[in-house]
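Below is one structure, written out as C-alpha cells; the observations come after it.
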Amino acid sequence: MCGRYIDPNLRGTEFEHSEVGIDPFARRYNIKPTQDVLIRETVEGQFSWARWWFIPVWHKGDVKAWKATTFNARIEEAAEKPTFRTAWKHGRCLIPAGGYYEWTGKKGQKTPHYIQSAGNEETLWFAGLTSVWNDMRTCTILTRAANAQVESVHHRMPVILNADERDAWIAGTQDRDLGAQALLGHHVVTSFGIKDDGPELIESI
10 MCGRYIDPNL RGTEFEHSEV GIDPFARRYN IKPTQDVLIR ETVEGQFSWA RWWFIPVWHK
70 GDVKAWKATT FNARIEEAAE KPTFRTAWKH GRCLIPAGGY YEWTGKKGQK TPHYIQSAGN
130 EETLWFAGLT SVWNDMRTCT ILTRAANAQV ESVHHRMPVI LNADERDAWI AGTQDRDLGA
190 QALLGHHVVT SFGIKDDGPE LIESI
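For the sequence shown, my numbering gives the first residue as 10, with consecutive numbering after it.
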C-alpha cells in the first residue's frame, strides 16, 4: 500500500513555476489521504489538484458517507471493481512523488522507511485513477506486488511508471504488470507523527 508520500521536487525541472499550471506551493513531506495532491491527466498536460481518496461518480451521499478505503487500488482488480472500473476506462492519471514511506515491525513499535528513486530520474510517477464527484476531483494510487528492491519492507508498492509505461498507462494499456522494473532504494528514518512535516522526515538514521 501507499499511505504517506512526499511532493516531487519541481525546482530546476521543466515543471517549475508557470509550467506547472498552478500557483507555487511549499513542498510537503508527509502527505496524507484526503489531502489535495498533484495529478496529470495526460503525459504532457498541466497539473491539477485532486483529493487523495477516490469517490466514484455514482456515490449519492456526502463525503463522510463514503466509508470505503479508496486512497489505494490494486491494479490486479481495479478494472473489475465497481468503484474503479469507469475510471479504469476513462479516468487514468499520473501522480508525481519525491518518494514514499512504509513501516516495518509490530504495532506500536513500527519503524518507518523512506523509499525513493535509485535511478536517474528523481521523480516517481505513480499510476493513478481520477474521478470528478459533485465537482470535486478525487484520485487513488494504484498498487502492485512489491519488487525485489522493496519487498523486505512491504509486500505491496505503488505502481511506479517509467517513461514508456507512462505513455502506455495513459493510452489505456491493460497490462497489469506495470512498474515491475522500478529502480528503488530505501533507508530507515526517525518516527514521526501525523502532523509532522519538513525535510528532516526523510533523513537517514
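The beta-carbon is built from N, C-alpha and C at its ideal position, and this holds for glycine as well. On a predicted model such as this, the values are computed, not experimentally measured, just so you know.
So, under 8 Å CB-CB, residue 64 and residue 140 are touching, yes? Tell me the CB distance rounded to an integer number of Å.
Here the question's residue 64 lines up with position 55 in the sequence shown. Here the question's residue 140 lines up with position 131 in the sequence shown. Sure, about 6 Å apart at Cβ, within 8 Å.
Where do the ends of the beta strand (DSSP E) carrying residue 164 lie?
Here residue 164 refers to the residue found at position 155 of the sequence shown. Per DSSP, residue 164 belongs to no beta strand (DSSP E) and is neither H nor E.
Looking only at DSSP bridge pairs, what is residue 45 linked to?
As a working mapping, residue 45 is identified with position 36 in the sequence shown. Bridge partners of residue 45: 60.
Please state the DSSP three-state secondary structure of residue 208.
Within the sequence shown, numbered from 1, the residue matching residue 208 stands at position 199. The answer is helix: DSSP assigns residue 208 an H, G or I state.
How many whole angstroms separate the CB atoms of residue 137 and residue 104, which I take to be in contact at a CB cut-off of 8 Å?
For the purposes of this step, residue 137 is identified with residue 128 of the sequence shown, where counting begins at 1. For the purposes of this step, residue 104 is identified with residue 95 of the sequence shown, where counting begins at 1. Rounded, the Cβ-Cβ distance is 4 Å, consistent with contact.
Can you tell me whether residue 111 is helix, strand or coil according to DSSP?
In the sequence shown, counting from the first residue as 1, residue 111 sits at position 102. Correct three-state label for residue 111: strand.
Residue 10 to residue 81, Cα distance in whole Å?
One-based indexing of the sequence shown puts residue 10 at position 1. One-based indexing of the sequence shown puts residue 81 at position 72. Cα to Cα, residue 10 sits roughly 7 Å from residue 81.
Taking the alpha-carbon of residue 109 as reference, which of 175, 214 and 165 has the nearest alpha-carbon?
Here residue 109 refers to the residue found at position 100 of the sequence shown. When each option's Cα is compared against that of residue 109, the closest is 165.
I'd like to check one pair, residue 162 with residue 113: are the Cβ atoms closer than 7 Å?
Position 104 of the sequence shown, counted from the first residue, corresponds to residue 113. Position 153 of the sequence shown, counted from the first residue, corresponds to residue 162. Their beta carbons are under 7 Å apart, which means residue 113 touches residue 162 by this criterion.
Here's a check: name, in chain order, each residue in its chain whose Cβ is nearer than 7 Å to the Cβ of residue 123, leaving out the five neighbours to either side.
Numbered from 1 along the sequence shown, position 114 holds the residue referred to as residue 123. Excluding positions up to five away in sequence, the list reads 108, 110, 195, 196, 198 and 211.
Give me, in chain order, the residues of the same chain whose beta-carbon lies closer than 8 Å to that of residue 142; leave out the 5 immediate sequence neighbours on both sides.
The count along the sequence shown starts at 1 and reaches residue 142 at position 133. The residues are 64, 65, 66 and 68.
Measure from the alpha carbon of residue 43 to the alpha carbon of each residue in 49, 76, 50 and 54, then state which is nearest.
Here residue 43 corresponds to residue number 34 of the sequence shown, with the count starting at 1. The shortest C-alpha separation from residue 43 is found at 76.
Relative to the C-alpha of residue 184, which candidate in 79, 45, 61 and 87 has its C-alpha closest?
Start at 1 with the first residue of the sequence shown, and residue 184 comes out as number 175. Selected option, being the one with the closest Cα: 87.
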